[in-house]
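The sequence shown begins at 1 in the numbering used here and counts up by one.
In what follows, a single structure is set out as structure tokens and then discussed.
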Amino acid sequence: MKECLKFYINGEWVDPIEPKTLDVINPATEEPCAKISIGSSKDVDKAVAAAKKAFETYSQVSVEDRIALLAKILEVYQSRYGEIAEAITMEMGAPAKLSQMAQAAMGVAHLGTTIEILKNYKFEEQKGTTTLRKEPIGVCGFITPWNWPMNQIMCKVAPALAAGCTIVLKPSEEAPLDAYILADIFHQAGVPKGVFNLVNGDGPGVGAAISSHPDIDMVSFTGSTRAGILVAKAAADTVKRVAQELGGKSPNIILDDADLQKAVTGGVLGVMQNSGQSCNAPTRMLVPAGKHDEALKIAKAAAESVKVGDPNAEGTTMGPVVNEVQFNKIQALIQKGIDEGATLVTGGTGRPEGLNKGFYVRPTVFGNVTNDMT
1 MKECLKFYIN
11 GEWVDPIEPK
21 TLDVINPATE
31 EPCAKISIGS
41 SKDVDKAVAA
51 AKKAFETYSQ
61 VSVEDRIALL
71 AKILEVYQSR
81 YGEIAEAITM
91 EMGAPAKLSQ
101 MAQAAMGVAH
111 LGTTIEILKN
121 YKFEEQKGTT
131 TLRKEPIGVC
141 GFITPWNWPM
151 NQIMCKVAPA
161 LAAGCTIVLK
171 PSEEAPLDAY
181 ILADIFHQAG
191 VPKGVFNLVN
201 GDGPGVGAAI
211 SSHPDIDMVS
221 FTGSTRAGIL
231 VAKAAADTVK
241 RVAQELGGKS
251 PNIILDDADL
261 QKAVTGGVLG
271 VMQNSGQSCN
281 APTRMLVPAG
291 KHDEALKIAK
301 AAAESVKVGD
311 PNAEGTTMGP
321 VVNEVQFNKI
331 QALIQKGIDE
341 GATLVTGGTG
351 RPEGLNKGFY
361 VRPTVFGNVT
371 NDMT
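Structure below.
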């Protein structure tokens, strides 16, 4: 079992101020795969102080030097690409192929795009007699989710580094291992001390401390609407800038002239790809009433083609959901759909046949769903 018990603060791996640990559970086995430390507001204070001090110098670094730093990070990231993909599969259950081709790949994509944009970005422009200048906002606090862990981390961190900001990151405690590797990548790439800081922890402990900290100038949060409300309220007293990407329920509207076979199949497989755990998973499919029954047949076939199982096994297209809480929530929602009278086309409650352990969900499709159903 991996032990990731230190935090990365001011360019060093340091012990938490108040030792407290949490097991990271592999959702495919329901067994601990790693142990992390859970931080407190004191650890956040330490990380923010380092970031605030580093901002004084890093904010003055030239664009050319920032580009060079991001390029070095990208180089080191690519050298440890396989390690990142393996960590994502272990911590949140994404099939190995998905982790390789999409989950880990998003880190490369965000870094590469940031570098290209930064090369030509105009931080200063003239508007008549007025000079408009864009400056780094300061210390940024980032709170990221578990469903696309590296994607959500890098789409915040890379632009912040490009702009000249410094960072305190709290990744999800459900999927913290890829962030741990990333901190080591930054260290290896020569990111200056205090520019990037990592504190593991939960929402009430570390997340709340980041959101309310008077020396954090901006907080960016991705997660549930419920938690987003708490973040915004906590940030209000210090009038910091807040950016949020919160929960939703993605409608997939298929028009009358669409290729029904292609559209329905693509929609169903799009839902199942990351075990339904994507903000853009098209979970609500709306089709013309006259094509409802035909669409159900296509959806049934598509769902039943999904191979659920060990995310490291060859051919697996859908792994487990991230944890027991999510598993139980999904089971309850499936049962609710049955109880409310929707037509269960395929799937249902319980694990898929042959899978007695792991947070595996049966690919499930309901038909004849009405707007008054949950």
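Using N, Cα and C, we set each Cβ at its ideal position, and we do this for glycine too.
Values in this document were obtained by computation on a predicted structure and should not be read as measured data.
Query raised in the report: With distances taken between CB atoms, is the gap from A243 to T166 smaller than 8 Å?
Result: Against the sequence shown, residue 243 aligns to sequence position 243. Against the sequence shown, residue 166 aligns to sequence position 166. No, they are not a contact pair.
**Report entry** Whole beta strand (DSSP E) elements within the segment 196-271, 3-residue minimum
**Finding:** 196-198, 218-222, 241-245, 251-253
Requested in this report: Could you have a look at I38 and say whether DSSP puts it in helix, strand or coil?
Outcome: Here residue 38 is taken as the residue at index 38 of the sequence shown, counted from 1. Note: I38 maps to coil in three-state DSSP.
Query raised in the report: Going along the chain, which unbroken runs of the beta strand (DSSP E) with 3 or more residues stay wholly within the segment 61-132?
Result: 124-127
Query raised in the report: In three-state DSSP terms, what is P159?
Result: Stepping through the sequence shown from its first residue, residue 159 is reached at position 159. Assignment of P159 by DSSP, reduced to helix, strand and coil, places it in the helix class.
Query raised in the report: Relative to the C-alpha of E64, which residue among E30, I115, D43 is closest?
Result: Along the sequence shown, read from residue 1 onward, the residue named residue 64 stands at position 64. Taking only the C-alpha atoms, the option nearest E64 is I115.
Requested in this report: Mind checking which residues open and close the alpha helix (DSSP H) that includes K300?
Outcome: Along the sequence shown, one-based indexing puts residue 300 at 300. K300 -> alpha helix (DSSP H) spans 292-304.
Report task. Return the first residue and the last residue of the beta strand (DSSP E) that F359 is part of. Result -> Sequence index remark: in the sequence shown, residue 359 carries index 359 (1-based). Taken as a continuous stretch (DSSP letters only), F359 belongs to no beta strand (DSSP E), as it is neither H nor E.
Query raised in the report: How many angstroms separate the CA atom of I38 from the CA atom of T21?
Result: For the purposes of this step, residue 38 is identified with residue 38 of the sequence shown, where counting begins at 1. For the purposes of this step, residue 21 is identified with residue 21 of the sequence shown, where counting begins at 1. Distance between the alpha carbons of I38 and T21: 6 Å.
Query raised in the report: What is the rounded straight-line gap between the Cα of E3 and the Cα of V24?
Result: In the sequence shown, residue 3 corresponds to position 3, counting from 1. In the sequence shown, residue 24 corresponds to position 24, counting from 1. As the crow flies, the alpha-carbon of E3 is around 10 Å from that of V24.
Requested in this report: Assuming K53 contacts G194 (C-beta within less than 8 Å), just tell me the rounded distance between them.
Outcome: Translated into the one-based positions of the sequence shown, residue 53 becomes position 53. Translated into the one-based positions of the sequence shown, residue 194 becomes position 194. So it is a contact: roughly 6 Å between Cβ atoms.
Query raised in the report: Under a three-way DSSP split, which group does I17 fall into?
Result: As a first step, residue 17 must be located in the sequence shown, where it is residue number 17. Reduced to three states, the DSSP call for I17 is coil.
Query - Cβ-Cβ distance between L70 and A158 below 8 Å - result: Start at 1 with the first residue of the sequence shown, and residue 70 comes out as number 70. Start at 1 with the first residue of the sequence shown, and residue 158 comes out as number 158. In contact: L70 and A158 (Cβ atoms closer than 8 Å).
Query raised in the report: Can you list, in chain order, the residues of its chain whose CB lies under 8 Å from that of R241, leaving out five sequence neighbours each side?
Result: Taking the first residue of the sequence shown as position 1, residue 241 is located at position 241. Excluding positions up to five away in sequence, the list reads I137, D217, M218, V219.
Report task. Compute the distance between the beta-carbons of M154 and M106, then report whether it is under 8 Å. Result -> By 1-based counting over the sequence shown, the position of residue 154 is 154. By 1-based counting over the sequence shown, the position of residue 106 is 106. In this structure, M106 lies closer than 8 Å to M154 by Cβ.
Query - Own chain residues within Cβ distance below 7 Å of N280, not counting five before or after - result: By 1-based counting over the sequence shown, the position of residue 280 is 280. Cβ neighbours of N280 beyond the five flanking positions: S250.
Query raised in the report: What's the gap between the Cα of M92 and the Cα of G128?
Result: Residue numbering aside, residue 92 sits at position 92 when the sequence shown is read from its first letter. Residue numbering aside, residue 128 sits at position 128 when the sequence shown is read from its first letter. If you draw a straight line from the Cα of M92 to the Cα of G128, it comes to about 52 Å.
Requested in this report: To the nearest angstrom, report how far apart P171 and K119 are at their CA atoms.
Outcome: Within the sequence shown, residue 171 is the residue found at index 171, counting from 1. Within the sequence shown, residue 119 is the residue found at index 119, counting from 1. Going from the Cα of P171 to the Cα of K119 covers about 29 Å.
Query raised in the report: What residue range is occupied by the uninterrupted beta strand (DSSP E) comprising K170?
Result: Counting from 1 along the sequence shown, the entry for residue 170 is found at position 170. Unbroken beta strand (DSSP E) run through K170: 166-170.
Requested in this report: Starting from I9, follow its DSSP beta bridges and name the residues at the other end.
Outcome: On the sequence shown, residue 9 is found 9 positions in, with the first residue counted as 1. DSSP lists E12 as partners of I9.
Query raised in the report: Any idea if A332 is buried or exposed, counting beta-carbon neighbours within 10 angstroms, 16 or more meaning buried?
Result: Against the sequence shown, residue 332 aligns to sequence position 332. A332 is exposed by the Cβ-count criterion.
**Report entry** Candidates P19, A163, E31, V14, of which the one nearest R66 by Cα
**Finding:** By one-based count along the sequence shown, residue 66 stands at place 66. The shortest C-alpha separation from R66 is found at A163.
**Report entry** Local conformation of E31 per DSSP, three classes
**Finding:** To locate residue 31, count along the sequence shown from 1; it is residue 31. Strand, per DSSP.
Query raised in the report: Which class does I334 belong to by DSSP, given the choice of helix, strand or coil?
Result: Here the question's residue 334 lines up with position 334 in the sequence shown. DSSP places I334 in helix when its eight states are reduced to three.
Report task. Go ahead and pull the three-state DSSP assignment for M373. Result -> Along the sequence shown, read from residue 1 onward, the residue named residue 373 stands at position 373. Coil.
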